[in-house]
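S.K.: I have a structure I would like to understand better, so I am pasting it below and will then ask my questions one at a time.
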Amino acid sequence: MMKEYHFFLQLLEQEKKDAVVNYVITLLDTKQITIEELYLEWLSRSLLEFRCKVDDKEVCIWKEHYRTSMIRTIIECTYPYILERLKTTPKIPFKVVVLTPTQEYHEIGALIITNLMVLLGLDAAFIGANTPKEEIISAVRAFSPDYVAMSVTNPYNLVVTKKITDELKETFPTLKVILGGQAFQSYHTNIDFKVDYIMNQYQDLLDFVHEVKA
Ligand code: B12
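Residues in the sequence shown are numbered from -14 upward in steps of one, following our numbering.
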């Protein structure tokens, strides 16, 4: 799939939104790529490896925003394929609310993880990025989830994440809390999170599902 990935990347780099969306849909229709491969090996990679060309410096942030927006469109376009897969996926009777905390605008990881949870049979919903503590508490009251999963990218947001998770645990003693995202991949702080899981990658999610199904 190297050749195909490079073609996809080229379309993204040339900002040919219609062509890239059509290309991905064709690959999904013809089952040349799975949703998991698309999310984890193509979409994530194309963002993680995003670099500015030297003479693009001034417009770089806009190129990053536009690439993110194209990726978001592609993620939304995968939903009918998820629905198709769900016809044969056994349900896991746990509700998960996924979000990013206050000041955390990086949301693509959270969106992808939500859809991967859905594909695994969980009842998961992404409720938003940059979510203040009071809104998170109100969302837990409204949805009564079994789990809250928070995605954190910037390590600066770990302090606020600690405050939110402590309050969630105090207010809802039976609620399980999951943390994940890039901030934990380089996690060397002494913050003692009182949470149930800290996950780094897709395999951790697979292990989690295996555990809760048992
Ligand atoms: C796109 C992007 C943005 C976009 C985000 C748009 C959006 N709507 O999401 C915008 C332009 C808004 C942005 C802003 C900023 N960004 Co930015 N951004 C990126 C970029 C290029 C890609 C991030 C991304 O979407 N990756 C793809 C996703 C799929 O990967 P992921 O989030 O890691 O998720 C995967 C796993 O971590 C995991 N996962 C994630 N969450 C969870 C949760 C659970 C429960 C589980 C199980 C797993 C899991 O699963 C996912 C799939 O594998 C990265 C570059 C990079 N190297 O990451 C910089 C990057 C993250 N940004 C960075 C910075 C510094 C910023 C800004 C501060 C810069 C600025 N001045 O503009 C602001 C901060 C905004 C804020 N307050 O949050 C730095 C962070 C450095 C650091 N470690 O602190 C990076 C690394 C760039 C860099 N090399 O400097 N950014």
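All C-beta atoms in this analysis are idealised placements derived from N, C-alpha and C, irrespective of residue type, glycine included.
Taking contact to mean at least 3 C-beta pairs separated by less than 8 angstroms, is the stretch 156 to 175 in contact with the stretch 106 to 117?
M.R.: The answer is no - the stretch 106 to 117 does not touch the stretch 156 to 175, with fewer than three Cβ pairs under 8 angstroms.
S.K.: So, helix, strand or coil for residue 90, using DSSP?
M.R.: Translated into positions along the sequence shown, residue 90 becomes position 105. DSSP places residue 90 in coil when its eight states are reduced to three.
S.K.: Does residue 185 come out as helix, strand or coil in the three-state DSSP assignment?
M.R.: Within the sequence shown, numbered from 1, the residue matching residue 185 stands at position 200. Coil at residue 185, not helix or strand.
S.K.: Tell me, please, whether the stretch -2 to 10 touches the stretch 43 to 59 by the rule of three or more beta-carbon pairs shorter than 8 angstroms.
M.R.: Counting Cβ pairs under 8 angstroms, three or more are found: they touch.
S.K.: Using alpha carbons as the reference points, say which of 102, 127, 140, 110 lies closest to residue 90.
M.R.: Position 105 of the sequence shown, counted from the start, is the residue given in the question as residue 90. When each option's Cα is compared against that of residue 90, the closest is 140.
S.K.: Skipping 5 residues on each side, what residues in its chain have a beta carbon closer than 8 angstroms to that of residue 200?
M.R.: The shown model of the chain, from -14 to 199, leaves out residue 200, and the question about it has no answer.
S.K.: Reducing DSSP to helix, strand and coil, say where residue -6 ends up.
M.R.: Taking the sequence shown and counting its residues from 1, the one referred to as residue -6 is at position 9. In the structure shown, residue -6 sits in a helix (DSSP, three-state: H, G or I).
S.K.: Does residue 68 pass the burial test, meaning 16 or more other C-beta atoms within 10 Å, or should it be called exposed?
M.R.: Locating residue 68 in the sequence shown gives position 83, counting from the first residue. Burial call: exposed.
S.K.: Would the stretch 45 to 54 and the stretch 71 to 78 be scored as touching if the rule is three or more Cβ pairs under 8 angstroms?
M.R.: Counting Cβ pairs under 8 angstroms, fewer than three are found: no touch.
S.K.: Nearest-angstrom Cα distance between residue 84 and residue -11?
M.R.: As a first step, residue 84 is located in the sequence shown; it is residue number 99 there, counting from the start. As a first step, residue -11 is located in the sequence shown; it is residue number 4 there, counting from the start. Between residue 84 and residue -11, the C-alpha separation is close to 32 angstroms.
S.K.: Note down the Cα distance separating residue 14 from residue 22, rounded to an integer number of angstroms.
M.R.: Working through the sequence shown from its first residue, we reach residue 14 at position 29. Working through the sequence shown from its first residue, we reach residue 22 at position 37. Their backbone Cα atoms lie some 14 angstroms apart in a straight line.
S.K.: Work out the CA separation of residue 186 and residue 110 for me, nearest whole Å.
M.R.: If you number the sequence shown from 1, residue 110 lands on position 125. If you number the sequence shown from 1, residue 186 lands on position 201. Each residue's Cα considered, the two are about 19 angstroms apart.
S.K.: In whole angstroms, give me the CA-to-CA distance for residue 130 and residue 120.
M.R.: Numbered from 1 along the sequence shown, position 145 holds the residue referred to as residue 130. Numbered from 1 along the sequence shown, position 135 holds the residue referred to as residue 120. Using only the alpha carbons, I get a separation of about 14 angstroms.
S.K.: Count the other C-beta atoms from every protein chain shown that fall within 10 angstroms of the C-beta of residue 193, then say buried if there are 16 or more, exposed otherwise.
M.R.: Here the question's residue 193 lines up with position 208 in the sequence shown. Classification of residue 193: buried, given that the 10 Å Cβ count is 16 or more.
S.K.: Give me the Cα-Cα distance between residue 176 and residue 169, rounded to the nearest whole angstrom.
M.R.: Within the sequence shown, numbered from 1, the residue matching residue 176 stands at position 191. Within the sequence shown, numbered from 1, the residue matching residue 169 stands at position 184. Cα to Cα, residue 176 sits roughly 11 angstroms from residue 169.
S.K.: At 3 residues or longer, and completely inside the stretch 99 to 181: list those beta strand (DSSP E) runs for me, N to C.
M.R.: Here the runs fully enclosed are 108 to 116, 132 to 136, 161 to 165.
S.K.: If we ignore side chains and look at the alpha-carbon of each, how far apart do residue 53 and residue 199 end up?
M.R.: Translated into positions along the sequence shown, residue 53 becomes position 68. Translated into positions along the sequence shown, residue 199 becomes position 214. If I take the Cα positions, the gap works out to 37 angstroms.
S.K.: If you draw a straight line from the C-alpha of residue 42 to the C-alpha of residue 127, how long is it?
M.R.: Here residue 42 refers to the residue found at position 57 of the sequence shown. Here residue 127 refers to the residue found at position 142 of the sequence shown. Distance between the alpha carbons of residue 42 and residue 127: 44 angstroms.
S.K.: What is the DSSP secondary structure of residue 85, reduced to helix, strand or coil?
M.R.: Working through the sequence shown from its first residue, we reach residue 85 at position 100. If DSSP states are grouped into helix, strand and coil, residue 85 belongs with the strands.
S.K.: Would you tell me roughly how many angstroms separate the C-alpha atoms of residue 30 and residue 196, rounded to the nearest one?
M.R.: For the purposes of this step, residue 30 is taken as the residue at position 45 of the sequence shown. For the purposes of this step, residue 196 is taken as the residue at position 211 of the sequence shown. Answer to the nearest angstrom: the Cα atoms are 28 angstroms apart.
S.K.: Thinking residue 152 and residue 183 are a contact (beta carbons under 8 angstroms), I'd like their distance in whole angstroms, please.
M.R.: Taking the first residue of the sequence shown as 1, we reach residue 152 at position 167. Taking the first residue of the sequence shown as 1, we reach residue 183 at position 198. Contact doesn't hold; Cβ gap of about 18 angstroms is too wide.
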